[in-house]
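Protein chains in written order, with the working numbering: chain A, 2 to 200; chain B, 11 to 769. Heads up, the beta-carbon is just placed ideally off N, CA and C, and yes, glycines get one too. No experiment lies behind these values; they were computed from the predicted model shown. The structure appears below as structure tokens.
Written out as structure tokens, the structure is:
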């Protein structure tokens, strides 16, 4: 799935006067920070067109885990929660952007919820406390998640001033975010290595 | 300190001391052991108690921790927390406090607020508590206003960490005291901060949770301090357990007391037992010691033996020793007072008995002392040996004992006996004769028939002396007199004997010096030859010019000189002097010298004769030795050999005093005498007795036949000369012709007589 998404992303036509944003995320003790969500908001605003990401918006419960652990969906996206475990799950969220509760449902059943507000939503299972997952609802098409090496690449970001936001559930700071105002070059790559304070 | 002399005291004290030492050691060991054991037990209990407290506190924490976790995971509770529904949160906390009986419960939010802590937690503590919880503290001891609480912390996840729910429970002294009731020991527990501990103990408690002994106001305490978790940082709470060791050990007191009591009773029993045992041992030893003292004092003391042990054996040996000592004493005293050979009393006992008799016999009948001397005993010893002599003495002693019939008989020396006899003069004499008779019989010893005899001197008590010494001395004098008078006789003591004996002793003293002083002198008596009517020779006669007694006749001192041996030097002087004088004579007439038998015992006699001849220069034929028959009685063979030697020199030998004593013709045959001198006793009777005449005739005939001259001695009357001439006697000697004269008179006499006879 992820590979397919990556291929789709590469096949996208490159906009004029756009650059790539490449970040390498590290924790304070030098470890790569995975599952961080990086969003870029150009100062000129984002297009009015509906946002679509090339990956599936599903959050699967498999082996008593939410997969993926961190999901990025655009505002308005409906996320399905298919249960691939043999046990039942009771997915809930007390997060301000989306308070919902998907009462007990079983294997191969799928419930869905439509996220209408931008923000980070922590989801859990009322039955299995150790199951946590996050759905980052974004309002920009330029969003990506760091891989196991802590690397993030967002292509075709319009050049010019932009606000780069890095979110991670364990990040210290308001709303678990770190915000940077940067200038994206018209062409080329905006590459940075960022060290972040985590809890 | 008194000296321990007796065995019983020594043994008693020794055993008591030994046991007391052992008991003291055992008691000390028991006390130490009990204390050590108790301390160990208490220490283990302490450790166990500490573990129990720890576990109880842990369990309490776990219990509440679970409750907190349940609360924190409750969906409604989480929802209220997530939504910030303060009212719901507070009511839920109140509900929990009531349900779990908690002093406090609150929620710590991520923002640093402690919801529900109002009242329970002072504002000043809140910042530290939140920081600790936010730093990850899982709970622990929290001290508020010196009151200890336990706390547990549980995360609230919604599902992300939204805060913590914190429960507190009481852990003050009272709460811990109720927990202590669960332990087996009376332990007082308290949670304190390490900083409040005594500095020395603070460090020990850090290192080691083992009990530590302290003394507080005279009370021994075991204390252990176990570190506890603290909720907040910078605090160091410890669980302090205290246990009174003194109180615990007090429980062992009665045991030690009863041990001491048992020890004391055992000690007393041992004292009594060892005292009795020692007394049992020492009593017979004391008896032995007492008996030993009595024995050394001369008593005959035996010990009663009533045991068969070593001491009993000792007592038996002691008794045997006492008997043996008594027997030996008896033997020794018997030997001391008796003669071993004959069994008769010895001189010492005899004197004692004589003393007793003398004391006892005051006023009673008379008593006398007999000194008895065996005749010829020496020759028995010499010829038959001492063994026979000894047996002879035994036989004679038995014979005497029988003869005396109960009177005391003793052996004084070799062949000398003594007796004490009682009765008047006649009875005494009868007993003396009985002894003579008993001695005179033949004794049969080892096949030898031995004839012996005894001489006896008698001294009568009171009359002859008052003391034993005096009586013995006088009886001995009487014995000597009896011996002198012939063997087998007896003499009663006479006072004269004593005077004579004294005189004799003085004479002996004088005699020893007479030769040196030149008191001796030779007189000469001429012998007249009947054939030639001339003086034919002179007989030299010894005279002693005693300084006080005057001229002393030979009969008075010659026997004494013979008895003392002085005759040897005197005889030598006589020989020399006689030859010297003879050499001065105008005519070479022979000179005759008397030689005693004693002189013949001296082997030097022959050389003395030779020297006398050589020094004077006279011809040997002028010297004539006159000997008597007694010469032949002892050592006849040797004597004859010496006579032959002298004879070979040319010296003439004359047999003096012929006809007296044991005159035996055998002598005449055994030696070729040159002359026989007929004893004067025959000459005196010559004119009155036919027998005498006949004897003289036969002697002269015999002498003529043997080629010997004959000399008649003691011729005092001219009638005798005629008879003698008629009987064939060749020479005469006597006062008729001339008495002995001084040497200076001799030359005159030679001429005078010759002239007279010639005239």
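Amino acids of chain A, ordered along the chain, whose beta-carbon sits closer than 7 Å to that of residue i
{"i": "residue 89 (chain B)", "result": "95"}
{"i": "residue 92 (chain B)", "result": "95"}
Interface partners of residue i on chain B, CB under 9 Å
{"i": "residue 182 (chain A)", "result": "What residue 182 (chain A) touches in chain B: nothing, since even the nearest Cβ is about 27 Å away."}
{"i": "residue 133 (chain A)", "result": "167, 169, 170"}
{"i": "residue 187 (chain A)", "result": "Within 9 Å Cβ-Cβ: nothing; residue 187 (chain A) doesn't reach chain B, min ~39 Å."}
Limits of the unbroken beta strand (DSSP E) element including residue i
{"i": "residue 133 (chain A)", "result": "133-139"}
{"i": "residue 18 (chain A)", "result": "Unbroken run through residue 18 (chain A): none, as it is neither H nor E."}
{"i": "residue 422 (chain B)", "result": "418-423"}
{"i": "residue 463 (chain B)", "result": "463-470"}
{"i": "residue 533 (chain B)", "result": "530-539"}
{"i": "residue 121 (chain A)", "result": "120-126"}
{"i": "residue 9 (chain B)", "result": "Outside the modelled stretch of chain B, which goes from 11 to 769, sits residue 9 (chain B), for which no answer is possible."}
{"i": "residue 546 (chain B)", "result": "544-556"}
Start-to-end residues for the alpha helix (DSSP H) that takes in residue i
{"i": "residue 700 (chain B)", "result": "700-716"}
{"i": "residue 665 (chain B)", "result": "That residue, residue 665 (chain B), is in no alpha helix (DSSP H); its beta strand (DSSP E) goes 662-668."}
{"i": "residue 107 (chain B)", "result": "96-110"}
Residue i: contacting residues in chain B (beta-carbon distance under 7 Å)
{"i": "residue 170 (chain A)", "result": "170"}
Reduced DSSP category for residue i - H, G, I as helix; E, B as strand; rest coil
{"i": "residue 184 (chain A)", "result": "strand"}
{"i": "residue 8 (chain A)", "result": "Residue placement at residue 8 (chain A) is flagged as unreliable, the pLDDT there being 49, under the threshold of 50; the coordinate-derived value follows with that caveat. Correct three-state label for residue 8 (chain A): helix."}
{"i": "residue 3 (chain A)", "result": "In this prediction, residue 3 (chain A) has a pLDDT of 47, which is less than 50 and means its spatial position is unreliable; nothing more can be read from the coordinates."}
{"i": "residue 740 (chain B)", "result": "coil"}
{"i": "residue 66 (chain A)", "result": "strand"}
{"i": "residue 90 (chain A)", "result": "strand"}
{"i": "residue 205 (chain A)", "result": "The structure shown does not extend to residue 205 (chain A), since chain A is modelled only from 2 through 200, so no value can be given for it."}
{"i": "residue 96 (chain A)", "result": "coil"}
{"i": "residue 223 (chain B)", "result": "strand"}
{"i": "residue 383 (chain B)", "result": "strand"}
{"i": "residue 318 (chain B)", "result": "coil"}
{"i": "residue 484 (chain B)", "result": "helix"}
{"i": "residue 293 (chain B)", "result": "helix"}
{"i": "residue 106 (chain A)", "result": "strand"}
{"i": "residue 348 (chain B)", "result": "strand"}
{"i": "residue 150 (chain A)", "result": "coil"}
{"i": "residue 50 (chain A)", "result": "coil"}
{"i": "residue 563 (chain B)", "result": "coil"}
{"i": "residue 50 (chain B)", "result": "helix"}
{"i": "residue 580 (chain B)", "result": "helix"}
{"i": "residue 27 (chain B)", "result": "helix"}
{"i": "residue 632 (chain B)", "result": "helix"}
{"i": "residue 140 (chain B)", "result": "helix"}
Proximal chain A residues relative to residue i, where beta-carbon distance stays under 8 Å
{"i": "residue 83 (chain B)", "result": "130"}
Given residue i as reference, the closest of the options once Cα atoms are compared
{"i": "residue 76 (chain A)", "options": "A:119, A:167, A:46", "result": "A:119"}
{"i": "residue 391 (chain B)", "options": "B:309, B:402, B:113, B:125", "result": "B:402"}
{"i": "residue 566 (chain B)", "options": "B:517, B:586, B:709, B:547", "result": "B:517"}
{"i": "residue 196 (chain A)", "options": "A:167, A:184, A:188, A:187", "result": "A:167"}
{"i": "residue 709 (chain B)", "options": "B:447, B:689, B:694, B:370", "result": "B:689"}
{"i": "residue 237 (chain B)", "options": "B:201, B:253, B:225, B:226", "result": "B:201"}
{"i": "residue 662 (chain B)", "options": "B:230, B:549, B:750, B:395", "result": "B:549"}
{"i": "residue 318 (chain B)", "options": "B:310, B:327, B:312", "result": "B:327"}
{"i": "residue 684 (chain B)", "options": "B:696, B:658, B:646", "result": "B:658"}
{"i": "residue 450 (chain B)", "options": "B:758, B:102, B:406", "result": "B:406"}
{"i": "residue 295 (chain B)", "options": "B:624, B:314, B:30, B:358", "result": "B:314"}
{"i": "residue 378 (chain B)", "options": "B:419, B:388, B:398, B:352", "result": "B:419"}
{"i": "residue 501 (chain B)", "options": "B:575, B:342, B:435, B:16", "result": "B:435"}
{"i": "residue 90 (chain B)", "options": "A:92, A:96, A:80", "result": "A:96"}
Proximal chain B residues relative to residue i, where beta-carbon distance stays under 8 Å
{"i": "residue 127 (chain A)", "result": "85"}
{"i": "residue 123 (chain A)", "result": "168, 169, 170"}
Distance CB(residue i)-CB(residue j) smaller than 9 Å
{"i": "residue 145 (chain A)", "j": "residue 155 (chain A)", "result": "yes"}
{"i": "residue 724 (chain B)", "j": "residue 743 (chain B)", "result": "yes"}
{"i": "residue 564 (chain B)", "j": "residue 553 (chain B)", "result": "yes"}
{"i": "residue 273 (chain B)", "j": "residue 36 (chain B)", "result": "yes"}
{"i": "residue 120 (chain B)", "j": "residue 86 (chain B)", "result": "no"}
{"i": "residue 4 (chain B)", "j": "residue 151 (chain B)", "result": "The shown model of chain B, from 11 to 769, leaves out residue 4 (chain B), and the question about it has no answer."}
{"i": "residue 169 (chain B)", "j": "residue 126 (chain A)", "result": "yes"}
> Any residues in the segment 28-43 of chain A with a beta carbon nearer than 7 Å to a beta carbon of chain C? Which ones, in chain order?
Replying inline: Looking for chain C here will not work: the only protein chains present are A and B.
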